[in-house]
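Colleague:
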Amino acid sequence: MSLSWSSKDHKNTNQAAAAGQKRLRNDAGNKVSVVLGAQWGDEGKGKVVDLLATEADLVCRCQGGNNAGHTVVVDGKEYDFHLLPSGIINSKSISLIGNGVVIHLPGLFEEGDKNDKKGLKGWDKRLIVSDRAHLVFDFHQVVDGLQETERQAQEGKNIGTTKKGIGPAYSCKASRTGLRVCDLLGDFKDFSTRFKNLVHQYQSMYPALTVDVEDQLKKLKEYAERLRPMVRDGVYYMYEALHGPPKKILVEGANAALLDIDFGTYPFVTSSNCTVGGVCTGLGIPPLNIGDVFGVAKAYTTRVGIGAFPTEQLNAVGELLQTRGHEVGVTTGRKRRCGWLDLVIFRYAHMINGFTAIALTKLDIMDVLDEIKVGVAYKINGKRIPHFPANMDVLHKVDVEYETFPGWKTDTSAARKWNDLPAKAQNYIRFIENHIGVPIKWVGVGKSRECMIQMF
Ligand code: GDP
Ligand code: IMO
Ligand code: MG
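Under this note's numbering, read the sequence shown as residues 1128 to 1583, first letter to last.
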């Protein structure tokens, strides 16, 4: 073959490429449906996943760790999931923890055992864990706490992390000192050496950190054997799932758009990509296989931890939403901060994720309000800004422009279809839909599985 490209070669190459493209497109395989948080977390993703998981063959987590807390209520029984995908509740589907997740093994088994006692039998037979997932060690969690204390001392404020070791574990991953599931299951001598090196590294940064290395290694060796039967090459597993017989595959996002390491209210964010890109990198699947992307948002807004929150209501409205909505963190037990729905952040989440439909949850919590406000724009010096500010000082200073709606003052918790909702509630929902420009597919009016109005 000549080095220079004749026009004939070029033509042949183009034809070959086109044929390849066509083959790839034809072979694209199954699509995954994705459920993502559109606010600062706790939007009700677990409930939406549970609803879809009743028909799913495979439910995957692609990012985050046990900082997530997803509540599912079935037949009056409440489950909270942290590392396990909420689909684990469906005995007919497989759950997968992808490479993008960081796994604290004591946390994983504690969660599994707790759910086992609640009646969720056989979860460990239905769970697949990627060999490329990074591990969170107990000392990562201690360091998470030490870093928070340091932030408080140096800057007068911390992030308000869940202290689950998420930041330190993802830092290790990025700085290439992290240890993965495949390392734990490989040569344990090598693993032990790298573990000890990592401990030394952290102890040189944090002299107060004490780690009983031998005890930790003994426990990790035991966890390794419990984990081994669940571990697969995650990329190959997903490839087979995508290209085998038709399958319903669901991805459960953890945390949310405004907590995303790149797009969230940095630095008051978590340490992973909680937006749609995290699905591809956290599972090893092509963008072509992403199908529906469902954005989940509450009918108002909440936030746990520190950071700007333009529509926050530090008044009776905020207190009412907090108490009626039982807005307490599933993972940390902290009270969630509450405020009006913010359509600026919702639109921003849609710009990044390209939602194909929306689940609007907790409408019932607003049933008693006389008047409801919705943030529709941010203003700086009286002028509307078209984008969502990157800089937190700017975000703290924005003035929110609100639209005001009359409250419907009717109990919606028994509504099961659109026509059961009062006209004023319908009006509120339609306004949100039109403003975002994405259809609302579900409206939540209660905790349980059946309390979800399906619109189409
Ligand atoms: P996730 O982290 O996004 O899965 O959400 P969480 O489970 O942390 O928080 C959502 C809370 O709201 C849970 O206690 C759910 O049971 C509850 N919830 C979800 N949807 C609704 C709804 O439509 N109405 C009411 N009243 N509660 C809901
Ligand atoms: P789910 O999946 C709400 C918040 C923490 C803190 C910040 C960083 O249940 O929606 P981290 O421990 O991740 O380093 O904490 O992110 N945060 C969440 N807030 N819901 C979550 O998950 C969260 N995951 C992290 O409160 O402000
Ligand atoms: Mg939660």
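Where is the CB? At the ideal position from N, CA and C, for every residue including glycine. As the structure is a prediction and not an experimental result, all values here were calculated from the model.
Going by Cα to Cα distance, which pick from 1275, 1470 and 1199 is closest to residue 1556?
Modeller: For residue 1556, the nearest C-alpha among the options comes from 1470.
Colleague: Indicate, with yes or no, if the ligand GDP has a heavy atom lying under 7 Å from the CB of residue 1197.
Modeller: Yes, since a heavy atom of the ligand GDP falls inside the 7 Å radius drawn around the Cβ of residue 1197.
Colleague: When you compare the segment 1413–1423 with the segment 1206–1213, are there three or more beta-carbon pairs, one atom per stretch, that lie closer than 8 Å?
Modeller: Segments in contact, no.
Colleague: In or out: residue 1577 buried (at least 16 other Cβ within 10 Å) or exposed?
Modeller: Exposed: under 16 other Cβ atoms inside 10 Å.
Colleague: Less than 8 Å between C-beta atoms, sequence neighbours within five positions excluded: which residues of the same chain meet that for residue 1583?
Modeller: Within the same chain, residue 1583 has close Cβ partners 1566 and 1568.
Colleague: Taking a contact to mean a Cβ-Cβ separation below 8 Å, would you say residue 1384 touches residue 1179 in this structure?
Modeller: No, they are not a contact pair.
Colleague: According to DSSP, is residue 1350 part of a helix, a strand, or is it coil?
Modeller: Residue 1350: helix per DSSP, three-state reduction.
Colleague: Going by beta-carbon coordinates alone, are residue 1234 and residue 1433 separated by less than 8 Å?
Modeller: Against a cut-off of 8 Å, the Cβ pair of residue 1433 and residue 1234 comes out as no contact.
Colleague: Helix, strand or coil, according to DSSP, for residue 1453 in the structure here?
Modeller: In the structure shown, residue 1453 sits in coil (DSSP, three-state: anything other than H, G, I, E or B).
Colleague: Unbroken alpha helix (DSSP H) runs of length 4 or more, entirely within the segment 1464–1517: which are they?
Modeller: Counting only runs of 4 or more, we get 1470–1480.
Colleague: Taking Cβ to Cβ, would you say residue 1521 is nearer than 8 Å to residue 1507?
Modeller: A contact, by the Cβ cut-off of 8 Å.
Colleague: At which residue ranges does the segment 1508–1574 contain complete beta strand (DSSP E) runs of 3 or more residues, listed in the order of the chain?
Modeller: 1510–1512, 1526–1533 and 1567–1571, all fully within the segment 1508–1574.
Colleague: For residue 1399, does the three-state DSSP call read helix, strand or coil?
Modeller: Residue 1399 falls in the coil class under three-state DSSP.
Colleague: Who are the near neighbours of residue 1351 in its chain, counting only those whose CB is closer than 8 Å to its CB and skipping five residues on each side?
Modeller: Contacts found: 1311, 1312 and 1315.
Colleague: Which whole-angstrom value is the C-beta distance of residue 1376 and residue 1185, which I expect to be below 8 Å?
Modeller: Sure, about 5 Å apart at Cβ, within 8 Å.
Colleague: How about residue 1387: is its Cβ closer than 7 Å to a heavy atom in the ligand MG?
Modeller: Every heavy atom of the ligand MG is 7 Å or more from the Cβ of residue 1387, so no.
Colleague: Between the alpha carbons of residue 1188 and residue 1218, how many angstroms are there, rounded?
Modeller: One C-alpha to the other measures close to 17 Å.
Colleague: For residue 1459 and residue 1281, what's the separation of their Cα atoms in angstroms?
Modeller: Each residue's alpha carbon lies about 24 Å from the other.
Colleague: Could you name the residues that DSSP lists as bridge partners for residue 1257?
Modeller: According to DSSP, residue 1257 bridges with 1359.
Colleague: Applying the criterion that 16 or more other CB atoms from any shown protein chain within 10 Å of the CB defines a buried residue, is residue 1430 buried or exposed?
Modeller: Its Cβ being crowded by 16 or more others within 10 Å, residue 1430 is buried.
Colleague: In terms of DSSP beta bridges, what is residue 1388 paired with?
Modeller: The partner list for residue 1388 (beta bridge, DSSP) is empty, contrary to what the question assumes.
Colleague: Going by the CB atoms, is the gap between residue 1468 and residue 1502 shorter than 8 Å?
Modeller: Against a cut-off of 8 Å, the Cβ pair of residue 1468 and residue 1502 comes out as a contact.
Colleague: Going by alpha carbons, who is nearest to residue 1389 out of 1540, 1403 and 1378?
Modeller: For residue 1389, the nearest C-alpha among the options comes from 1403.
Colleague: Helix, strand or coil for residue 1215 per DSSP?
Modeller: Helix at residue 1215.
Colleague: Go to residue 1185, then tell me how far its beta strand (DSSP E) extends in each direction, as first and last residue.
Modeller: 1185–1188 is the extent of the beta strand (DSSP E) around residue 1185.
Colleague: Between the alpha carbons of residue 1515 and residue 1472, how many angstroms are there, rounded?
Modeller: Taking the straight line joining both Cα atoms gives about 7 Å.
Colleague: According to DSSP, residue 1163 sits in a beta bridge with which residue or residues?
Modeller: Residue 1163 pairs with 1422.
Colleague: Using only the alpha-carbon positions, how far apart do residue 1296 and residue 1285 sit?
Modeller: For residue 1296 and residue 1285, the distance between alpha carbons rounds to 18 Å.
Colleague: Am I right that residue 1167 and residue 1386 are in contact with their C-beta atoms under 8 Å? What's the rounded C-beta distance?
Modeller: That belief holds up - the Cβ atoms of residue 1167 and residue 1386 are roughly 6 Å apart, short of 8 Å.
Colleague: Residue 1276: buried (16+ other C-beta within 10 angstroms of its C-beta) or exposed?
Modeller: Exposed: under 16 other Cβ atoms inside 10 Å.
Colleague: Look up residue 1366 in the DSSP assignment and say whether it is helix, strand or coil.
Modeller: Reduced to three states, the DSSP call for residue 1366 is helix.
Colleague: Can you list, in chain order, the stretches of the alpha helix (DSSP H) that have 4 or more residues and sit fully within the segment 1282–1317?
Modeller: If we require 4 residues or more, the alpha helix (DSSP H) runs fully inside the segment 1282–1317 come out as 1293–1301 and 1308–1312.
Colleague: Quick one: grab the DSSP three-state call for residue 1149.
Modeller: Note on residue 1149: pLDDT 46, under 50, position unreliable in the model; the coordinate value appears next. Of the three classes helix, strand and coil, the one that applies to residue 1149 here is helix, per DSSP.
Colleague: What are the start and end residues of the beta strand (DSSP E) that includes residue 1223?
Modeller: Segment 1221–1224, the beta strand (DSSP E) holding residue 1223.
Colleague: On the DSSP letters alone, give me the boundaries of the beta strand (DSSP E) that residue 1198 sits inside.
Modeller: Its beta strand (DSSP E) spans residues 1197–1201.
Colleague: On the DSSP letters alone, give me the boundaries of the beta strand (DSSP E) that residue 1208 sits inside.
Modeller: It spans 1204–1208 - the beta strand (DSSP E) in which residue 1208 sits, taken as one unbroken run.
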